[in-house]
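Working notes for the structure below.
4 protein chains.
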Amino acid sequence: MILILKSGVDEAEIEPIRRLLTGQNIIMQDIVGETTRMIGLAGDTSSISEDAVMCFPCVERIMRIQEPYKLAGRKFHPADSMYEISGRRIGAGEFAVIAGPCSVESEEQILSVARDVKASGASFLRGGAFKPRTSPYAFRGLGLDGLELLRLARQKTGLPIVTEIMSQEYLDAFAEHVDVIQIGARNMQNFALLQQVGSIGKPVLLKRGLSSTLEELLMAAEYIMAGGSQEVILCERGIRTFETATRNTLDLSAIPVLRQRTHLPVVIDPSHATGYWHLVEPMALAAVAAGADGLIIEVHNHPEAALCDGAQSITPQVFHRLMRKADAVRAAIR
Amino acid sequence: MILILKSGVDEAEIEPIRRLLTGQNIIMQDIVGETTRMIGLAGDTSSISEDAVMCFPCVERIMRIQEPYKLAGRKFHPADSMYEISGRRIGAGEFAVIAGPCSVESEEQILSVARDVKASGASFLRGGAFKPRTSPYAFRGLGLDGLELLRLARQKTGLPIVTEIMSQEYLDAFAEHVDVIQIGARNMQNFALLQQVGSIGKPVLLKRGLSSTLEELLMAAEYIMAGGSQEVILCERGIRTFETATRNTLDLSAIPVLRQRTHLPVVIDPSHATGYWHLVEPMALAAVAAGADGLIIEVHNHPEAALCDGAQSITPQVFHRLMRKADAVRAAIR
Amino acid sequence: MILILKSGVDEAEIEPIRRLLTGQNIIMQDIVGETTRMIGLAGDTSSISEDAVMCFPCVERIMRIQEPYKLAGRKFHPADSMYEISGRRIGAGEFAVIAGPCSVESEEQILSVARDVKASGASFLRGGAFKPRTSPYAFRGLGLDGLELLRLARQKTGLPIVTEIMSQEYLDAFAEHVDVIQIGARNMQNFALLQQVGSIGKPVLLKRGLSSTLEELLMAAEYIMAGGSQEVILCERGIRTFETATRNTLDLSAIPVLRQRTHLPVVIDPSHATGYWHLVEPMALAAVAAGADGLIIEVHNHPEAALCDGAQSITPQVFHRLMRKADAVRAAIR
Amino acid sequence: MILILKSGVDEAEIEPIRRLLTGQNIIMQDIVGETTRMIGLAGDTSSISEDAVMCFPCVERIMRIQEPYKLAGRKFHPADSMYEISGRRIGAGEFAVIAGPCSVESEEQILSVARDVKASGASFLRGGAFKPRTSPYAFRGLGLDGLELLRLARQKTGLPIVTEIMSQEYLDAFAEHVDVIQIGARNMQNFALLQQVGSIGKPVLLKRGLSSTLEELLMAAEYIMAGGSQEVILCERGIRTFETATRNTLDLSAIPVLRQRTHLPVVIDPSHATGYWHLVEPMALAAVAAGADGLIIEVHNHPEAALCDGAQSITPQVFHRLMRKADAVRAAIR
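Protein chains in written order, with the numbering used here: chain A, 226 to 559; chain B, 226 to 559; chain C, 226 to 559; chain D, 226 to 559.
Structure representation (structure tokens):
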């Protein structure tokens, strides 16, 4: 960490900072430039409050050098992580596709979709039992009945299930029945939930918030990991920009950037990012070409009758074609 | 709601839509332009799933005409709302300032600040007992002990207290001890929390999410109101943009825009929006000039020793001056 | 175009609008919903000023149905465009890579890079003679001497040249010596330049502005085409968002969205979008997988000695490998 | 400037950087932290190419300490600048309002508006003769005839005129007839135009680009000042964000931030920022309360018949009231 001081600062003004930081075992090194004076700080600067330091009138700016995340970072965990979840693998070269409907709607629907996506090569089944909806008047999912239908689908197909938790109220049910617990984009900085979900120790699929930086995404993963669970999968699902032609803007450069900074697997959700089914295939293939560890894709057997997000769901037929092309692209970049 | 159809669509393709919507008591009216064919929908269109309609291959685009919020909107509640909370008023011309430290740190601190801000004219005391922090390693507030100190400060000064809830775990404690329950920006779309807090029936201060549109803010208020509480105060606290000179970009046009759309009071938080104490006064005065119903301002007796957000806190002296100027601006725009 | 009227509007208030629009040969159709009254407008609405209509106090909102672009749109030009430029093809399935240094620096440099990229399969040579730089104190290119060196490189290698014009001052020189005239992102809405460049009738590479929507990009292309040149190549090169891990956010969904709306070829510039050379290859491959018609890539023989943008340039060796992988990805998605 | 090196770098890898920079008279100082090694650079670092340095494989990141602008900055020009332009003052406590129609449309219109805004206290007359329009099919202004009408209005009212230049083609006409030359938001980084306009030596009103940072705005001012003109007025007119309730998001915190960094006057354009006339007054008053040096406001005698931007124009009556309130707010904050 480096403190850049205001010009014309004298030693007496710096003294209180020296006292504060010496008490925290921080070593200070003066850096005197031609026009600017700085203080370099060495030691465990993760405990220093930037806010506290910024209050000293002589400080103009602070620059952090070290990454603020430890468990999620590559520094102490250089190799890619790979998880084996109910017999399926993801990470470190193991590619996995999570597919299924936006919402679980009925036994017929979830079983039909589960069988179709399994036949096409999906490794995990997704489906919402609890749905975050902008309007309190919209369909919010079948709740615990939806969880029950997902269990049934797992039993019939063997696919591990991925589904979103929205509240600590159902923590026990998720701990018991769900293979991968999803934290949605709108809850990425619901710190209470992150910690509680982390404490269960199950694999977690963490979606990037609509306006979260990649560093914030890694800090949210750090919350979960500090809570206990070490198996976090990061998911890019589009960020909010000024462009209105797509629902959000899919930030595929997140893949190589995260690859550099973290050992955690990275999956891409082109369905929620784009909001339109005809954009799903090209963006899914682009994600594979950029090196994603997996995809999460909405598939519905009757998109026009879907209770939620039908416009972005692809049919099992389109999904089947997409999987074939994704295989080809993976082979191409190897 | 208007459906814009793709060009060259024939009646057979439209038939399934007619069936779906007729079943929902929606009246359809054909609109045939020179190059574009449309269907206008009348009736209670709030129950129509845009997603479902978008799945029909003949539909190119959908345009919603009516506002999706009812309780928060002006249509059925044209007059400004005014709340009387523990003897203090806000809304419909009643201006209120909420002031206090970012975090409750000690009895000495909270009492000292409470007395100072009261003496300068603040109506409510703010102070965080539970703090959302990006890093799991940062100070996260005193928790229930912090709530206890806030109660003490209220007892000594008579100022009603405003503090943030982060998890349903403490719902009972908040219901019992807090005058205005704050939902933070990062939880604006934590729909489970919105609903639970609404069910308590207490006044709620709802902060706009960093990347939430004003319509989404109103929909979040709608969640709380649909849950039970009718006294929601909206708070603009900066949105996330590309500009890095300030922590966030304070969107003051939210004041007149919200004034037009909703009867709920609107307050502005210049401290969190800008992130720098020297920007607080000018932006607070700008908010007053734009017609805000109130301000929420961080005040700390020793900003440089604050455990959190010291850099954006002003001293009681600066706050005192700000309050005098705010009074003058209010008089000027009347 | 549809006018949504305020509630409770009576016929007398609408009368002035009827007069205004009837005079413009616009046919009006009343649409009366349960709570909202609208007027549908048919005819050539592209001549209607939305601003003028918005001034009538009875109008609440306007919705445009038709696309505002004609020459660039698919409606009157359904088939993909393909251009043959100095013997190289791009568009409608013909894939082309434009490669070269950010700036032309010396004869040795441009000839060396030109030979290398040609050997690896590039179709066009890029290189800046006039450079847009944020600081007036930075290197701004060799100017006309740079153009001269590009001509030399074309003569030696046969590669057509692509280079940026920044001012109408050099229009004649560009008309004479350049194969594809580039309009940079910062000039995408320099309407005077768009029109002048269009009037030359040469192929134009038009880069998307940092905060321009895809519709605005198409309207900028429309300017050029209305000016005369029909051979416009669109280029996505990253948009400005809150994320700071990359210089800009590469919006690859622009590829399938533009494919749907326009017949013009679309190329991707991963070098400027990301700002870091190690992100260029994964994003280039992603662009190919998403269906781009081409790439534009910065290649430098000595990146560390580059006078500009060295950090995002790849070496000829990395470029060679990228081209092999790009070929494989193209084969995979076919 | 500080170079942060990758971990585990050895002296041999740093050697080429030392050679490069020693040749540029830069003094290097090693900063060795516990986990990170850095090199502090002193001397005139404005000549160092960050790109060149970033190409050395041992460099992880670069941090610039000094501001990149000199003429526009406060460092060498601590006092606020005040300009006297054709008898009107702006800056350093002198408040000025620039008012008039979006476009000059006719003699009757411009004279009528000019007289009205003068009577209400405006200091300058604005009016577009050359209009930047997103569509090539829209009204683009009267051109030189518009300039002629502005001259006539100045002659009749004594108000100096402010109007936008879009191309160097008309540089001579602007140099001869215009008091303050406006550079529009879309041309803020049209570096050729900035330099040419600067060379005339006339006052310039420089609008912030829709996605430009405040630092980029100051660098654009630096271009003009380096070109010759020292009288630059900065104008905030809204930035592009995800919010759609307003045309752009007016960033009023730009006022105190720029005040700190530059001696140049800052004016606010609430008309273009918001896009709706009923938002103009509250945002204008907010700008005054935040300390703006002036306002630029669209006023039209018949907004509903305006050829451009009528929806954001206020009538002379509303303008008159706004001016009275603005005076009161200015008095209040003194």
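Where is the CB? At the ideal position from N, CA and C, for every residue including glycine.
Keep in mind it's a predicted model, so treat the numbers as computed, not measured.
- For Q254 of chain C, the chain B residues whose C-beta falls within less than 7 Å of its own C-beta are I256, listed in chain order.
- Closest by C-alpha distance to F281 of chain D, out of D:I290, D:P326, D:L228, D:A446, is D:L228.
- Residue-level contact check: F467 of chain A touches chain D, since one or more beta carbons of chain D fall below 8 Å from its beta carbon.
- Within the model, the alpha-carbon separation for S232 of chain C versus R289 of chain C is close to 20 Å.
- Residue pairing from DSSP leaves F399 of chain B without any beta-bridge partner.
- With fewer than 16 other Cβ atoms from the protein chains shown falling within 10 Å of its own Cβ, P303 of chain C counts as exposed.
- The beta carbon of T261 of chain B sits closer than 8 Å to some beta carbon of chain C.
- Between E332 of chain A and V387 of chain A, the alpha-carbon positions lie close to 17 Å from each other.
- Here L442 of chain B is buried. Its C-beta has 16 or more other C-beta atoms within 10 Å.
- Taking I264 of chain A as the centre and dropping the five residues before and after it, the same chain places the C-beta of I227, L228, L230, I239, I242, M253, Q254, D255, I256 closer than 8 Å to its C-beta, in chain order.
- Burial check for D494 of chain A: the Cβ neighbour count within 10 Å reaches 16 or more, so the residue is buried.
- Taking 8 Å as the cut-off between beta carbons, the residues of the region 501-512 of chain C near chain A are H503, L504, P507, M508, L510, A511, A512, in sequence order.
- Between the C-alpha atoms of R286 of chain A and R465 of chain A there is a straight-line separation of about 29 Å.
- Fully enclosed beta strand (DSSP E) runs of no fewer than 3 residues occupy 457-461, 491-493 of the region 455-502 of chain A, in order along the chain.
- Taking C-beta separations shorter than 8 Å and ignoring five residues to either side along the sequence, the partners of V284 of chain B in its chain run L228, I229, L230, K231, I242, V278, following chain order.
- The beta carbon of R262 of chain B sits closer than 6 Å to those of L230, all from its chain and outside the five residues before and after it, given in chain order.
- Against chain B, a Cβ distance below 7 Å from L374 of chain A picks out nothing, because the smallest value is about 20 Å.
- For P541 of chain A and D518 of chain C, the gap between their C-alpha atoms comes out near 28 Å.
- Cβ proximity to chain C below 7 Å picks out S436, T438, L439 from the region 409-439 of chain A.
- If the five residues before and after G366 of chain B are omitted, its C-beta is found closer than 6 Å to the C-beta atoms of S328, G353, A354, F355, K356, all from its own chain and listed in chain order.
- For the region 281-302 of chain B, the beta-carbon criterion of a distance under 7 Å to any beta-carbon of chain C is satisfied by M288, I290, Q291.
- Every alpha helix (DSSP H) stretch that sits fully inside the region 415-459 of chain D and reaches 4 residues is listed by chain position as 416-425, 439-452.
- Within chain C, the C-beta atoms nearer than 8 Å to that of I558 of chain A come from L510, K550, A553, V554, in chain order.
- In this structure, DSSP gives S328 of chain B an extended state, which the three-state scheme calls strand.
- If you look at V543 of chain D, you'll find it in the alpha helix (DSSP H) that goes 541-558.
- Nearest CB-CB separation between G233 of chain C and chain B: not below the 8 Å threshold.
- DSSP, read as helix, strand or coil, puts Q334 of chain D in helix.
- In this structure, the alpha-carbon of V338 of chain B lies about 6 Å from that of G325 of chain B.
- With 16 or more other Cβ atoms inside 10 Å of its own Cβ, R433 of chain A counts as buried.
- DSSP places G265 of chain D in no alpha helix (DSSP H) but in the uninterrupted beta strand (DSSP E) bounded by 262-267.
- About 5 Å separates the CB atoms of P490 of chain C and I315 of chain C; that is less than 8 Å, so the two are in contact.
- Against chain B, a Cβ distance below 7 Å from I227 of chain C picks out I227.
- Under the three-state reduction of DSSP, D235 of chain D is assigned to coil, being neither helix nor strand.
- When DSSP states are grouped into helix, strand and coil, L246 of chain C belongs to the helix group.
- In this chain, the beta strand (DSSP E) harbouring Q407 of chain A covers 405-408.
- Taking C-alpha positions only, Q485 of chain A is separated from H497 of chain A by approximately 25 Å.
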